[in-house]
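Protein chains in written order, with this note's numbering: chain A, 1 to 663; chain B, 664 to 1326.
Structure representation (structure tokens):
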């Protein structure tokens, strides 16, 4: 409320509303990666008929330089501007608007001249406006302005004066000097967190190092795992994600298949972190040493792979913290420590931190030190286990603190939980998030969910990472659909999502035996025992995976999500969607048979406009999976897909047949 | 961002998002009238599995008492509560949430008991929780809590303890004492402006007192106009709105049909305010005295009519302000004063205030005094002329200042301008607004526009007042459609809008001659000359108007807008919509023939659910216009409307045929 007498100027007439993007009234930043742009829109208007001007200001937080650019009207009092984000870190943007006195005067002058009115007083008014501006102009501009004023007040003929008045250079020069005290600034500066490109485009491979031993039954090491890196890289992945590599608790250790009592040689769950051998900054002795871990990172990097570590903020009962910081855990009235539970389920091998501890402050600081420890070893990506069971304010603080030290660090939220909670975690700073993709199988479900993720405000802060399976989740579709189901889910993950991941080698070998009917747990889950696998099995999907990852790398359209568009099919077992670069030089159409059992055929209905295709001319689609080529024409074209031999098309659109070299 | 060491408690785990209603991030208040409720929703959730509780607090601004009530979950982490607004004035509301420790404990306990687990430690934990609460409880509750704690720690048998633990009274009592320092409050308290009922439900009649003389050619007075009040009241109106009643400028006075030079006996435009005879707080001598004006108000009130004055903040060149406060106007370089223009159009009889004057502060204060002057004479409603040509911040301040003195005052914004501007004026405090209804004629236009006004967030702050004509606007539809067009537009205005108005007697007498082809101005417009009319013309719509206004008063469904629902018709010349009270005891279906020339028939497709009608049973609809009765069954029913004899149905639904007395 503006009240005379207060520090507000009642003459500030421009109002600014509805600035977008804006998350929760500016409470949260939007997310971008380096090289992307931020398109900002706002309603900017004033009372009366005066013209308004507005500009977009933006700056990198902690940088001194504030850049600005004019916004342009897009109709109905809405204005638009866009700026690029060229560096990793935090940016801010702001919208400002004011009455454009000179443009108003000039526009009215033209109307008066066209109506044949006497404008000699109007020219004097213009001289007044320009004279006022000259006072605050640079010497050079001031000289230009004074010249214009002289001409407008001169005895010269009216036509010469009008020429002077309508000079476009003069207009532009005067427009550079709005009256600052009458400029309206939108209530809030809004934020952008800019990550490196991997935040948007990444292919993850989850591997348990302890299962990488060359001979069966032996506990694998980090160096054994390093020997697998060539294989992982050959499939085209760029992130290798390791479950926790820390010492595993002895007390209440789980046995195979999650049994309550472990046998002496049971390896235990890597997520039951901590024992007499150390905690969250130690490495499981059977995996190796810190030096070997650093060697592993170096080797991975040599293959173009980054290493992602698991961040599971919970302890085994024999974790050193439990003795050293009893106050960080909840003690029960019988003196025992509270283990994890979700009544009536009990997880005796895990004790959670008590984030309501009176000593929460020290706990936060310690956990930050854990992250920074691994950052110091060269880790730049963390997959955060169950973030939704720790306070939001903790994560918001932690992520900002870590990025303050190193803005290249990325965090993937493993929050398989309710939608509001997942989105909140993304808003407070997680770089990527697991999704419901894991359970979205039919055409309608996939269409609805991916439209929500890519075509609504959600896309401003939530970056999906699509996983068809995880060590915790073997979805029913994979259990029942066999190898063709794995193919379907893989193609969907790798093309619907700019980022995706698989839990290997269980995935590429199509392991699909559940613990029991109705369960999503694996039988003989790798979470509780060592595995030894034949990676050269003829069943393996490794060639399909390698080919698909190459297609992803060669086609920038597949490296974004905002550009996703669904197209119609007459058969609900076939799903069709496209991705295209903004300039339409790279356009990919994907069609997937969602039925792992039967061949399915359908006419598809393409939105040709979004593909940059001329409805009147034939065009070629080149299947990057099979190398087949098809001549299509118009919106409706026929497709037939077979579960075994041709489960999907990944089609590159070639608009000019016979002129392929252009592409 | 929460940082350890700052004044924020990291243990505050609940988050609150997306509180609705909320206009522009809480920058503006929503609007309500006395007796309405405010339904508040919010996303409230926490990390982990704990149960959360949340409450809605509300209070009248300046009252001490803060009331609160619990919010209830409606699914997907969304919570809802509602509160009534029982007094005129400003209210605030707030959402708070916290972890409900006792309910979490109790819920888990039940699961444990059901799973047959040993719960003796859990009972001790409950005792701990309750013991902590006892410290901050009233004596009475503390005694209850201590008793419960003793039982939970007693040597009694487990079943007796469990009974104590699960006692519902205990649960409710403990829930009254959340840990205040762990309560999350939504970032903003949100506002409500509560008006009296007339802000929502009103029927306006615009009359020029100077046209009310008993004999032709004579300048009518306020007392002449008072003699018309019985006629106006007999048609069922409740607001009589007078164009400006102030002295009219002599300089540059406009003649008949807006001609540049007035003849000596030309009356001038009432909107060219001010002359040597006085300004905005004076009364035109030919209309009467201030005493007579007050007498006019008293008489109007006697007929159940309120008087609305015009607030036109602009001056004739000979307005006293122009001499006394030259600084409030813009002086041109040639020493003349700037008159109103919208280049190339010129309005020489009007000089606008310069709201960019260095003396803006004094100008604001003076204009406030003008409003308060008329408030002191008993005026409680103002129709504000062209508010969109004065700064938004001025109106926001003015309206709040006036309502501070008298919250019963209402302001109608006459802003026929761009949508963002109209909505902004509503947000900053105008009680009602003119609309685009005046130009929305076909079924699609009407449906789209009224869905926007009544079914989106717009309804929280924008109250439409529908005018089929004004002295400035004779729409083409009325010009070409003759009397049936007036009937159509009247029925639409009076039933689509809880508030509507007509410019009489031009409207009820169906005056429809434009100044020239393509113009929306009246020929021989009443703005520039006196009128004398035969109110008893057989053409008059007065009986239809009287009947319709009676229907509006007798049927509460027609007194709101939120309840508007459109129903399908097979013929785009027929529009069908309904309004119903929330309890469905009063349900009105309106069907209007939009074609003033031809009979039109159609099947209509009713959404029976919104009407509270059982699809399987016949129901009666009673036409309140014609008194006809029809037996209908199911969703599809047939209707035929004739421009002259049966242009519309206003049907009251009678669900139980033969049991009418119940309604």
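Note that beta-carbon positions come from the ideal geometry of N, C-alpha and C, so glycine has one too.
### Message
Under 8 Å, CB to CB, which of the residues in the stretch 113 to 128 of chain A have a partner in chain B?
### Response
Cβ contacts with chain B: 114, 115, 117, 121, 124, 125, 127, 128.
### Contact set for residue 719 of chain B: own chain, Cβ-Cβ below 7 Å, skip 5 residues either direction
The residues are 703, 731, 732, 734, 744, 746, 756, 758.
### Task
Measuring alpha carbon to alpha carbon, tell me which of B/678, B/929, B/1312 ends up nearest residue 1153 of chain B.
Per the Cα distances, B/1312.
### Secondary structure of residue 12 of chain A, DSSP reduced to three states
If DSSP states are grouped into helix, strand and coil, residue 12 of chain A belongs with coil.
### Query
With 8 Å set as the bound, which would you pick, yes or no: does the beta-carbon of residue 843 of chain B sit closer than that to a beta-carbon of chain A?
Closer than 8 Å: no.
### Task
At 9 Å on the CB atoms, spell out the chain B contacts of residue 315 of chain A, in chain order.
Contact annotation for residue 315 of chain A against chain B: no contact, minimum CB-CB distance about 16 Å [criterion: below 9 Å].
### Task
Could you give the DSSP three-state label for residue 251 of chain A: helix, strand or coil?
Here residue 251 of chain A sits in coil by DSSP.
### Message
At a CB distance below 7 Å, what residues from the stretch 1048 to 1073 of chain B approach chain A? Give them in sequence order.
### Response
So the list reads 1051, 1052, 1053, 1054, 1055, 1056, 1057, 1059, 1060, 1063, given in the order they occur along the chain.
### Task
Give the C-beta separation of residue 238 of chain A and residue 306 of chain A to the nearest angstrom, bearing in mind that I take them to be a contact with Cβ-Cβ under 8 Å.
With a Cβ gap of about 6 Å, residue 238 of chain A and residue 306 of chain A count as contacting.
### Query
Whose CA, out of A/198, A/186, A/128, A/562, lies closest to the CA of residue 153 of chain A?
The residue from A/198, A/186, A/128, A/562 with its alpha-carbon nearest to that of residue 153 of chain A is A/128.
#### Entry: Continuous beta strand (DSSP E) stretch holding residue 79 of chain A: start and end
In the DSSP assignment, residue 79 of chain A falls within the unbroken beta strand (DSSP E) covering 78 to 84.
### Message
In the DSSP assignment, the beta strand (DSSP E) including residue 943 of chain B goes from what residue to what residue?
### Response
Run containing residue 943 of chain B: none; DSSP gives neither H nor E here.
### Query
DSSP state of residue 184 of chain A, grouped into three classes?
Three-state DSSP puts residue 184 of chain A in a strand.
### Task
Output, in sequence order along the chain, the residues in the stretch 987 to 1017 of chain B whose CB is closer than 7 Å to any CB in chain A.
Against chain A - using a Cβ distance shorter than 7 Å - the residues of the stretch 987 to 1017 of chain B are 995, 996, 997, 1005, 1006, 1007.
### Collapsed DSSP secondary structure at residue 806 of chain B in the structure displayed
The answer is helix: DSSP assigns residue 806 of chain B an H, G or I state.
### Task
Taking only beta-carbon positions, decide if residue 665 of chain A is within less than 8 Å of chain B.
Shown here, chain A extends from 1 to 663; a query on residue 665 of chain A therefore has no answer.
### Stretch-stretch touch, CB-based, cutoff 8 Å, three pairs: the stretch 133 to 143 of chain A with the stretch 172 to 183 of chain A
The stretch 133 to 143 of chain A makes contact with the stretch 172 to 183 of chain A; the number of CB pairs closer than 8 Å reaches 3 or more.
### Message
For the stretch 1156 to 1178 of chain B, list every residue whose C-beta sits within 7 Å of some C-beta in chain A, in sequence order.
### Response
Correct list: empty, as no residue qualifies.
### Query
So, residue 412 of chain A versus residue 469 of chain A, is the Cβ gap smaller than 8 Å?
In terms of Cβ geometry, residue 412 of chain A and residue 469 of chain A do not form a close pair [threshold 8 Å].
### Sequence-distant residues of its chain with Cβ nearer than 7 Å to residue 1168 of chain B (five each side left out)
Only residues of its own chain outside the window of five on either side were considered, and among them 1196, 1198 have a CB closer than 7 Å to the CB of residue 1168 of chain B, listed in chain order.
### Query
DSSP beta-bridge partners for residue 695 of chain B?
Per DSSP, B/857.
### Task
Closer than 8 Å by C-beta to residue 526 of chain A: which residues in its own chain qualify, once you throw out the five before and the five after it? Chain order, please.
Excluding residues within five positions, the ones whose Cβ falls inside 8 Å are 208, 211, 471, 506.
### Query
Hey, out of A/164, A/146, A/418, whose CA is closest to residue 740 of chain B's CA?
That would be A/418, whose Cα lies nearest to the Cα of residue 740 of chain B.
### Query
If we call anything under 8 Å between Cβ atoms a contact, is residue 673 of chain B one with residue 392 of chain A?
The Cβ atoms of residue 673 of chain B and residue 392 of chain A lie no closer than 8 Å to each other.
### Task
Name, please, each residue of chain A whose Cβ falls closer than 9 Å to the Cβ of residue 915 of chain B.
Within 9 Å of the CB of residue 915 of chain B, no CB atom of chain A is found; the nearest one sits about 17 Å away.
### Outcome for residue 543 of chain A when other beta-carbon atoms lying within 10 angstroms are tallied against a minimum of 16
When all chains shown are included, residue 543 of chain A counts as exposed.
### Message
Please tell me whether residue 995 of chain B and residue 119 of chain A are closer than 8 Å, where the distance is taken between their beta carbons.
### Response
For residue 995 of chain B and residue 119 of chain A, no; Cβs fall outside 8 Å.
### Message
Please confirm whether residue 708 of chain B has its beta-carbon closer than 8 Å to some beta-carbon of chain A.
### Response
For residue 708 of chain B, at least one C-beta of chain A is nearer than 8 Å to its own C-beta.
### Message
Taking 8 Å as the threshold (beta carbon to beta carbon), is residue 17 of chain A in contact with chain B?
### Response
Yes, because at least one Cβ of chain B sits closer than 8 Å to the Cβ of residue 17 of chain A.
### Query
On the premise that residue 558 of chain A lies in contact with residue 593 of chain A, defined as a C-beta separation below 8 Å, what is that separation, rounded to the nearest angstrom?
Going by Cβ atoms, the distance from residue 593 of chain A to residue 558 of chain A rounds to 19 Å, so no, they are not a contact pair.
### CA nearest to the CA of residue 1163 of chain B, picked from B/1101, B/1005, B/1184, B/1025
In this structure, B/1101 is the residue among B/1101, B/1005, B/1184, B/1025 with its C-alpha nearest to the C-alpha of residue 1163 of chain B.
### Query
What do you get for residue 1180 of chain B, buried or exposed, if any count of 16 or more other CB atoms within 10 angstroms of its CB means buried?
With fewer than 16 other Cβ atoms within 10 Å, it is exposed.
### Task
With DSSP collapsed to three states, give me the class of residue 352 of chain A.
In this structure, residue 352 of chain A counts as strand in the three-state DSSP scheme.
### Message
Taking its Cβ as the centre, do 16 or more other Cβ atoms sit within 10 Å of residue 865 of chain B, making it buried, or is it exposed?
### Response
Under this definition residue 865 of chain B is a buried residue.
### Residue span of the beta strand (DSSP E) that contains residue 553 of chain A, given as start and end
Judged by DSSP secondary structure, residue 553 of chain A falls outside any beta strand (DSSP E) and instead within the alpha helix (DSSP H) spanning 542 to 554.
### Query
Would the stretch 340 to 353 of chain A and the stretch 249 to 256 of chain A be scored as touching if the rule is three or more Cβ pairs under 8 Å?
Contact holds between the stretch 340 to 353 of chain A and the stretch 249 to 256 of chain A, because three or more Cβ pairs, one in each stretch, are under 8 Å apart.
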